[in-house]
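Chains as they are written, first to last, in my numbering: chain A, 1 to 143; chain B, 1001 to 1105.
Here a beta-carbon is modelled for each residue, glycine too, at the ideal position from N, C-alpha and C.
Values in this document were obtained by computation on a predicted structure and should not be read as measured data.
A short worksheet on the structure shown next.
Below, the structure written as structure tokens:
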């Protein structure tokens, strides 16, 4: 059935006279809708926010400083302990170097005994200072 | 490592034992340490500072022996804790307090 048959009105001459079928507002119109902005203007002011931020930052930096002091004290304790035992370790190492150096000098004398004018253990430098031996063989267990 | 002494009963100067006793060494052997360091500063040749080095070693070993005689249990506990935590002072505060209470500085 076409629309004209269903919705016909008495005395209709053509389809163009059909009553309009529309979706419209209820009688009296819709209720009013608020669309204006209503952002409340309460809460902390700019100065309050700034002071709170500044306060949190300074408290945090104060904690950082306190922690740094504690850490520095721990490091100082470790360094002081190392300073206290350093001479003992150096003395032990000196004894060991002395023994190895004597063995090395004997070895050098044995190797170079037929070379004329060779002074065993001669300092290869002329500055007069003592330089650590550079043979690379004084710790055969490592090498 | 459960004990700080070797078979003869002498304390072995391992790193953990030395670090545990470092405060005592720093105060009791201060003279020998400073003399040895001054000698080294003047001449780094090991042969020239052997006698002062021997004094340092003797002082430290005597001190370790005294500590071992006076408060061996606390010293063993502290050195063992140092050994376990590789010479980290902050992790051995309890043993350190016990040790310093037993053998005051």
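Contacts around residue i, its chain only, beta-carbon distance under 8 angstroms, and the 5 residues preceding and following it disregarded
| i | result |
| --- | --- |
| residue 1065 of chain B | 1010 and 1011 |
| residue 1071 of chain B | 1099, 1102 and 1103 |
| residue 62 of chain A | none |
| residue 18 of chain A | 3, 4, 7, 8, 9 and 12 |
| residue 1027 of chain B | 1105 |
| residue 112 of chain A | 118 and 120 |
Cα-Cα separation between residue i and residue j, rounded to whole angstroms
| i | j | result |
| --- | --- | --- |
| residue 7 of chain A | residue 26 of chain A | 21 angstroms |
| residue 1050 of chain B | residue 57 of chain A | 57 angstroms |
| residue 125 of chain A | residue 88 of chain A | 29 angstroms |
| residue 71 of chain A | residue 129 of chain A | 40 angstroms |
| residue 118 of chain A | residue 102 of chain A | 17 angstroms |
| residue 16 of chain A | residue 5 of chain A | 13 angstroms |
| residue 1079 of chain B | residue 1105 of chain B | 16 angstroms |
| residue 1042 of chain B | residue 127 of chain A | 15 angstroms |
| residue 110 of chain A | residue 1090 of chain B | 54 angstroms |
| residue 46 of chain A | residue 30 of chain A | 42 angstroms |
| residue 12 of chain A | residue 22 of chain A | 19 angstroms |
| residue 82 of chain A | residue 65 of chain A | 26 angstroms |
| residue 1044 of chain B | residue 133 of chain A | 12 angstroms |
| residue 1022 of chain B | residue 1073 of chain B | 17 angstroms |
| residue 55 of chain A | residue 41 of chain A | 24 angstroms |
| residue 1005 of chain B | residue 1062 of chain B | 13 angstroms |
| residue 77 of chain A | residue 86 of chain A | 14 angstroms |
| residue 95 of chain A | residue 1069 of chain B | 27 angstroms |
| residue 1060 of chain B | residue 68 of chain A | 33 angstroms |
| residue 114 of chain A | residue 107 of chain A | 13 angstroms |
| residue 74 of chain A | residue 1013 of chain B | 23 angstroms |
| residue 37 of chain A | residue 14 of chain A | 51 angstroms |
| residue 1095 of chain B | residue 91 of chain A | 29 angstroms |
Residues that residue i bridges to, as DSSP identifies them
| i | result |
| --- | --- |
| residue 1011 of chain B | B:1005 |
Chain-ordered chain B contacts of residue i [CB-CB under 7 angstroms]
| i | result |
| --- | --- |
| residue 126 of chain A | Chain B residues near residue 126 of chain A: none, gap ~16 angstroms exceeds 7 angstroms. |
| residue 130 of chain A | 1043, 1044 and 1045 |
Close Cβ partners of residue i (< 7 angstroms) along its chain, the five nearest in sequence each way excluded
| i | result |
| --- | --- |
| residue 1019 of chain B | 1082 and 1087 |
| residue 1056 of chain B | 1029, 1032, 1033 and 1036 |
Within chain A, partners of residue i - CB distance below 7 angstroms
| i | result |
| --- | --- |
| residue 1082 of chain B | Chain A residues near residue 1082 of chain B: none, gap ~10 angstroms exceeds 7 angstroms. |
| residue 1022 of chain B | 81, 84 and 85 |
| residue 1060 of chain B | 88 |
Cβ shell of residue i (< 6 angstroms), same chain only, five flanking positions each side left out
| i | result |
| --- | --- |
| residue 97 of chain A | none |
Under 9 angstroms (Cβ pairs) to chain B, residues found in the region 100–119 of chain A: Hits within the stretch, in order: 101.
Members of the region 1037–1057 of chain B near chain A, C-beta cut-off 9 angstroms: Taking 9 angstroms as the upper bound on Cβ-Cβ separation, chain A lies near residues 1037, 1040, 1043, 1044, 1045, 1046, 1047, 1048, 1049, 1050, 1052, 1053, 1054, 1055, 1056 and 1057 of the region 1037–1057 of chain B.
Members of the region 82–95 of chain A that neighbour chain B once the beta carbon cut-off is set at 9 angstroms: Cβ contacts with chain B: 82, 83, 84, 85, 86, 87, 88, 89, 90, 91, 92, 93, 94 and 95.
Selection of the region 63–78 of chain A by Cβ proximity to chain B, strictly under 7 angstroms: From the region 63–78 of chain A, only 74, 77 and 78 have a Cβ closer than 7 angstroms to chain B.
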